[in-house]
Each structure stands twice: as structure tokens, then as C-alpha cells.
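Undergrad: If you use this note's numbering, the sequence shown corresponds to residues 32 to 614, in order. Think of the CB as a built atom: it goes at the ideal place given N, C-alpha and C, for glycine as much as any other residue. Below: one structure in C-alpha cells.
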Amino acid sequence: VSIRLFRLTDDDDAAEGLQLLTALLLCETRTDYACLPPSSLKVDVCAAVSGVGIPDSVDLRADLQLDWLKGIRGGVKRVLFLDTQQPQRMGLLRLGHSRPRACLGYTIYLKEDDEFRDKLTPISLALNYSLTPPTFDQTLPPVLNQYSSTFLQEQAYILLDCGDDNVCIPDLQLSASMDRTELVIGDDNLVMLTITAVNRGEGAYETELHTLIPPEADYIGVERRLESLLQLNCEYKTINESRMVVCDLGNPMVARTELAVGLRFSVQRLEDAGPKISFELQIHSSNKDNSSSNLVTMNMSITASAQLDLRGVSHPSQVVLPFPNWQPKEKPVKEDDVGPQVTHIYELHNFGPSSIGEAELQVGWPSRYHDENLLYAMEIETDGPISCRTNTSLNPHGLQTSTLQDTPELLGFLRNRSDPPPLHRSRRSVSTAESFSTKTLNCSNLSCLKIMCTVGRLDRGRSAVIKIRSRLWAHTVLQWRNDPYSLNSTVSFLVLSVPYLVQPPTSSQLRASIGTLVLWGTPDVSFAVPLWVIILAILLGLLVLAILTLAMWKCGFFDRARPPADDDVSDQEKLTSDQTGDA
């Protein structure tokens, strides 16, 4: 690099001229023939003075700044002075009558490629010069021409592998795919974008992949499990209130380069989202010509889906007639006077992932048979976001209620959880007896109490439970005599809405039925005998057996005469025979 400063003055008017000539060759690669490491260059700042009455000493201060535009814009300086490692240098040019020309020589160098990114914008060299203050013995000190500038600059370019014109024109192409096209509200919704970036033109500098992500998405990271995908340097940024992921594709992204990367996202905040969300992708470079790729938009549809499970249980599962030690009363006062208790429990459980906003649940309860009471409803209990009403009043006879505790079977009903069933599956918990030819009594052949329930918002993992406690009217069922029956209650469920902008295409509907068997024969009361009674009976039986055994032993029942052994018999016979012989 040669910087030459020419200044013309005379005694009459201090006129000067200045010319800055720059010829800078900076190599992009250190293997270039013209550039030997380190990539250093020579810079000369020269000044000359001519005219009439030139004083013996004329001093000029020269301030040389390297890549000065980067300093103004807050960028990284790309060239430095070799000896000071600084981008600025002050020098003094001493001229005079006997020395009309003077030069200052500097050595500058280009930083390594990984220390800066900008290789396209020119490197600006700026020179500020001024006269030193005159001495007291100078009667006519030199002055600068007020019509010429004391600030000079020139630009130099980094030589690129872009042909004779040193202008790179890339051809950037972008394509992308997703591992899923539908998102379900409430689900984890893990999404991977597989992106392929290609440059079919000349080198693209400061090349970056910009992925604009929707507000509902969160960036997880780069896919690292697949060997076919590169592990690029990607980071999350917020630019002008836009959330994006920026990936470095190279500086430069040389010609005929093809890169593939996988970006992973989690999309969860979909409650207020519309029918779809979009990811926008584009490659950007700092090239002046053809700097960007095609814009790729990836759309994903949003839907709401909830796996609902409707199940029920009856306790007891069967009632065996006739009842032991029980007599019906003509005018019952307490509920115990009517018959045994029969309880049905229905549970609506949401396995998710989406929530339901409002639903309707209807129960048909077999309350009357031929104008006689059958399952006499005493009370209805609910648990969860559910409220119920009936078309007729409960306990119309005003029977006194009994304080009864739930059996362990009922207490454990809500604690038992299974894996999520298939979508819109209903379970039927009915005690069946294939050996009996039972007649089913339900709302199709008898009068039913209608129970209408409204279910509120039911989030994932929550349940709505309705428990119907009743009494089996013994006076009615004792008239059947040896006819087995199944008393069935039915429940239907319909989703009215979901708490989202996106509504499901169809409403969920479920149906279920619970039956209580009424049989004739020897009652199987094992379920009604407490465990402690059984254990106590066994212990008492063992105690009685021990007492009898002890009494028999005291009476000598176990003492018996021992029969003679074989040797004793033969000796007795021998003695008898000897005595006979002597006689």
C-alpha cells in the first residue's frame, strides 16, 4: 500500500494539494501464492512540499486509522499495525527547504479468518493531518489551504475466489420437512425440522439460516442423534420482537456446498392459537447480489383431542334372595326397612391430552317396576367439576337415612387407574353370570329416574364422578320368585365444547351400563362377612379342638395295652415244650 501526500505552498498564499493512492492486496486464504503468512503489507505515508520561501522546518502530524468505518459502527477491526497490534497510529512528517519530501513506513496485517466475519465490505484507510504549532522565531509560518480537506480516505477489498471481477454471486436454495404435520392441544408436541441448504453459485459470505418460530414454539436444540445431520452452531435470538433461531452455514459457504441440519422444537402454548401455526425459513448472506434463498413456510395444523374413559361399578354386584333374617315392614320408616343397599358409581376420566370445556351426562335409573318401587334412590353424590339434578325428587317417602361407610371396593374404585384406553372407548363393569338366563330390566322396559348432569372443564388426568345410592325395594323383587334379573342403569355422555379457539370436528359421545344381578338360591354372603369374624371363628375352632384333645388325654383315651412281641411268644412256647418232655 502506498499512501502519498503532496502539499503545495508558496510564500503568498498557503495553498496545498493532497492525493491518497491505495493499492492493497489482502488474500482470503493463507495458501495464496502472493500472500505468505502472516498476511502483512507495507503502508507508506509520504508528504512533499514545494514553493518559494519554504522554511527550514515544516512539521506535519499524520493520524492513520485502519478500517476506520468498523470503529464508527462498532464492528471488529480486520487489519492492525504489526508492531503495536492497534488500528491507529500517530506519526510526524518533518519537511523543510533542504528536505522537500518525507515518508513514514508501517507494516499492517490481516487477522485470521475466524477472528472476523465481514469479508465483503471494503477496508477503509483514513488519514488526518495537521500542521504543528509554529515556533516563535517564524515570522511567516506556513498555513493549510482552507479550501482543501485535511481528511483523506481510500478503500481496499479482500481478494475473494469470485472470478476476475472479485464479486461473488451465490445461488442459495433451501428445502425443509417436518416429522409431523398436526399438533394436539395439551400434548408435548415435539417437532423436528429437517433443513437442507445448498449453494449452487459462487461463495456466500456470512451465511446464516434464519428460522422464524411462532410464539407457541420453544427451541430445544440441534438434532445430534442422526449422523446424516450436521451439528451446526445455532442459537436462539430475539430480533425486533421476532423470535428466531440463527444457524451459521459458513463464511464463506463455498460453491457446491450442501448442508443438512435438524432443529428440535416443543410446541405447547396452543390454547389461544388458531387453526395452524407456521415456521418461516430463509438463508441470508452479506453478498450484494442474490444474497438470500427462497422463503420456505412450514405449516402445522392444530387440533383438540381428548381420550375419555367412562366406566362404572355396582356394589354389591349381585343380590341373592331370599334375605336371611329379614322381614319386610308394611310402613317402612328407615331405609333399612326397605331392603339392601345398592350403589352404582360412574366415573368419567380424561386421559388427555386436551381438555374438555363443557359436557352433558345423563343417567337412566331403574326406579319403578309396574308402578312399584324397584331401586329406590336415596341420594346422589358427586366429585369433581360436575353438578346434577333429577326430574323427580329423591327419597319421596322421606325415609330416615342410615350412616353407612363405603366398602373397601368402593373406596379403591377411584384409585385404580389403567393405561389410557383407545379414543372414545367406554367400559362396562357389569357382573355377569352366563350360567343363568337373566332378564334385563332397564329404561327400555320400566320407568326410570332421569338424572341430568353438567360437567365443567375437565383437564387431563382429572375425573368427574357420580355416585347413586339406593335401596332395593324387597317387597317388589320378592314377588318374582326364582326369576333372575339384571337391574341396569345406563349413562350417556356428550362433549358440548372445548376451551380452545380450535374446536374438534366431531363431538365425543360415550355410553355405558351397570347391572346388579338379582338371583335366587343360597346367598353367597362371603362378601358380607368381615375378615375378623372369619379369623375369630377359626381360632375358636382350634381352641375347642385343643380342649377336647386335652380332656381325652386326661381320661386315658390315648393309653392302650401293648401286645406281646414275637420273641416273647416263642420263648414261652419253648418253655412249655421243655416241661412236657421232662414229665
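1. Among V486, F310 and A337, whose alpha-carbon lies nearest the alpha-carbon of M331?
2. Taking just the CA atoms, how far does S297 sit from D414?
3. Please return the same chain residues whose Cβ sits closer than 7 angstroms to the Cβ of T17, not counting the five positions on each side in sequence.
4. Taking just the CA atoms, how far does E237 sit from V285?
5. Work out the CA separation of L224 and H241 for me, nearest whole Å.
6. Identify, in the order they occur along the chain, each residue of the same chain with its Cβ nearer than 8 angstroms to the Cβ of G305, setting aside the five sequence neighbours on each side.
7. Count the other CB atoms, across all protein chains shown, that sit within 10 Å of the CB of W396; report buried if there are 16 or more and exposed otherwise.
8. With a Cβ-Cβ cutoff of 8 angstroms, do P416 and H506 count as a contact?
9. For I244, I'd like the list of residues in its chain whose CB is within less than 8 angstroms of its CB, leaving aside the five on either flank, ordered along the chain.
10. Can you check which of these residues, F589, L175, A228 and F354, is closest to S324 by C-alpha distance?
11. Among Q184, L294, P173 and L562, whose alpha-carbon lies nearest the alpha-carbon of D94?
12. Here's a check: name, in chain order, each residue in its chain whose Cβ is nearer than 6 angstroms to the Cβ of A248, leaving out the five neighbours to either side.
13. Please check the pair L191 and G234, which I expect to be a contact at CB under 8 angstroms, by giving their CB distance rounded to whole angstroms.
14. What does the Cβ neighbour count give for F182, buried or exposed, with the cut at 16 atoms within 10 Å?
15. Assign I615 to one of three DSSP states: helix, strand, or coil.
16. Could you check where the beta strand (DSSP E) with R109 kicks off and where it finishes?
17. Of the choices T469, V529 and V83, whose alpha-carbon is the least far from that of P384?
18. Taking the Cβ atom as the reference point for each residue, do A543 and Y400 lie within a distance shorter than 8 angstroms?
19. Could you check the C-alpha separation between G106 and M121 for me, to the nearest Å?
20. Can you check DSSP and say which residues form a bridge with K470?
21. Cβ of L100 within 8 angstroms of Cβ of V110?
22. What ranges does the beta strand (DSSP E) occupy inside the region 291–327, keeping only unbroken runs of at least 3 residues that lie completely in it?
23. Assuming contact is defined by CB atoms lying nearer than 8 angstroms, are L113 and S71 in contact in what I supplied?
24. Please classify M583: is it buried, with 16 or more other beta-carbons within 10 angstroms of its beta-carbon, or exposed?
25. Secondary structure at I139, three-state DSSP: helix, strand or coil?
26. May I ask which residues mark the beginning and end of the beta strand (DSSP E) holding M409?
27. For L392 versus V522, is the C-beta distance shorter than 8 angstroms?
28. I'd like to know whether the C-beta atoms of P620 and P86 end up nearer to each other than 8 angstroms.
29. Would you call T374 buried or exposed, if buried means 16 or more other Cβ atoms sit within 10 Å of its Cβ?
TA: Here's the rundown:
1. F310
2. 34 angstroms
3. Because the chain spans 32 through 614 in this model, residue 17 falls outside it and cannot be assessed.
4. 11 angstroms
5. 13 angstroms
6. I333, L532 and V533
7. buried
8. no
9. Y250, R274, M275, V276, F296 and F310
10. A228
11. Q184
12. F296 and V298
13. 7 angstroms
14. exposed
15. Any question about residue 615 goes unanswered here, given that the chain covers just 32 to 614.
16. Per DSSP, R109 belongs to no beta strand (DSSP E) and is neither H nor E.
17. V529
18. no
19. 22 angstroms
20. Y516
21. no
22. 307–315
23. yes
24. exposed
25. strand
26. L406 to D414
27. yes
28. In the structure as shown, the chain starts at 32 and stops at 614, and residue 620 therefore has no counterpart that could be examined.
29. buried
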